[in-house]
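My numbering puts the last residue of the sequence shown at 314; the count rises by one with no breaks.
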Amino acid sequence: MKFLSKRLSNYTVFSSNLDTSKQILSSGGVSLFIENSLASHVQDFKSHSSRLLSVDLYFKGNVKLRIFVIYIPPPAESVLRSDTIDLLIQQLTLTKQAGFYHAVCGDFNMHLDKYYPIYFNQPQIASKHIYRLLFHLLSHGYEDFTPINLSDSLGTLGV
Numbered sequence: 156m157k158f159l160s161k162r163l164s165n166y167t168v169f170s171s172n173l174d175t176s177k178q179i180l181s182s183g184g185v186s187l188f189i190e191n192s193l194a195s196h197v198q199d200f201k202s203h204s205s206r207l208l209s210v211d212l213y214f215k216g217n218v219k220l221r222i223f224v225i226y227i228p229p230p231a232e233s234v235l236r237s238d239t240i241d242l243l244i245q246q247l248t249l250t251k252q253a254g255f256y257h258a259v260c261g262d263f264n265m266h267l268d269k270y271y272p273i274y275f276n277q278p279q280i281a282s283k284h285i286y287r288l289l290f291h292l293l294s295h296g297y298e299d300f301t302p303i304n305l306s307d308s309l310g311t312l313g314v
């Protein structure tokens, strides 16, 4: 990441703290590159874990924007995946209560195209543990701005 940030001098980089514990397989961290003219609006950033970062920007008129960057581990890492999802839901709730506009971006390791039919046609299943993040986002008015992904090899979601 340091190599890339040096090559992009017109951006400021905010990164999560790395988790170096041996129990954690997914410890690469997440980063957000913000163009320098917008970086002057950054008032705070927080590494909630190596997989979740938030950056707060304040603008004229008391407009507060919090951007989350997340990496949700794949289903094979079920405990870490579940903990990361719980942490994001907790932070989204606190962010909404604090009056921030907010956005979430990153790698969700989920297939929204498979979830939508369940959400609309089987609501009793849609709220189950495995789907709780997508259920939370859709039931709280979040909108999906993910570009259409026609590749079978790419399975990420950004909401």
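Glycine included, C-beta positions come from ideal geometry on N, C-alpha and C.
In terms of residues, what are the limits of the beta strand (DSSP E) holding residue i?
{"i": "Thr248", "result": "Element bounds for Thr248: not the beta strand (DSSP E) but the alpha helix (DSSP H), Ser233 to Gln252."}
{"i": "Ser186", "result": "Ser186 to Glu190"}
{"i": "Ser170", "result": "Tyr166 to Ser170"}
{"i": "Tyr297", "result": "From DSSP, Tyr297 is part of no beta strand (DSSP E); its letter is neither H nor E."}
What span of residues does the alpha helix (DSSP H) with residue i cover, start to end?
{"i": "Ile273", "result": "Leu267 to Asn276"}
Going straight from the alpha carbon of residue i to that of residue j, what length do you get?
{"i": "Tyr297", "j": "His291", "result": "9 Å"}
{"i": "Thr167", "j": "Asp268", "result": "34 Å"}
{"i": "Ile222", "j": "Gln279", "result": "31 Å"}
{"i": "Phe275", "j": "Asp174", "result": "38 Å"}
{"i": "Ile273", "j": "Ile285", "result": "12 Å"}
So for residue i, helix, strand or coil by DSSP?
{"i": "Phe290", "result": "helix"}
{"i": "His203", "result": "strand"}
{"i": "Ile153", "result": "Outside the displayed range of the chain (156 to 314) lies residue 153, so it cannot be described from this structure."}
{"i": "Ile227", "result": "coil"}
{"i": "Gly313", "result": "Per-residue confidence for Gly313 stands at a pLDDT of 41, beneath the threshold of 50, marking its modelled position as unreliable; no derived number is given."}
Once you ignore the five residues that flank residue i on each side, which residues in its own chain have a CB closer than 6 Å to its CB?
{"i": "Ala258", "result": "Ile222"}
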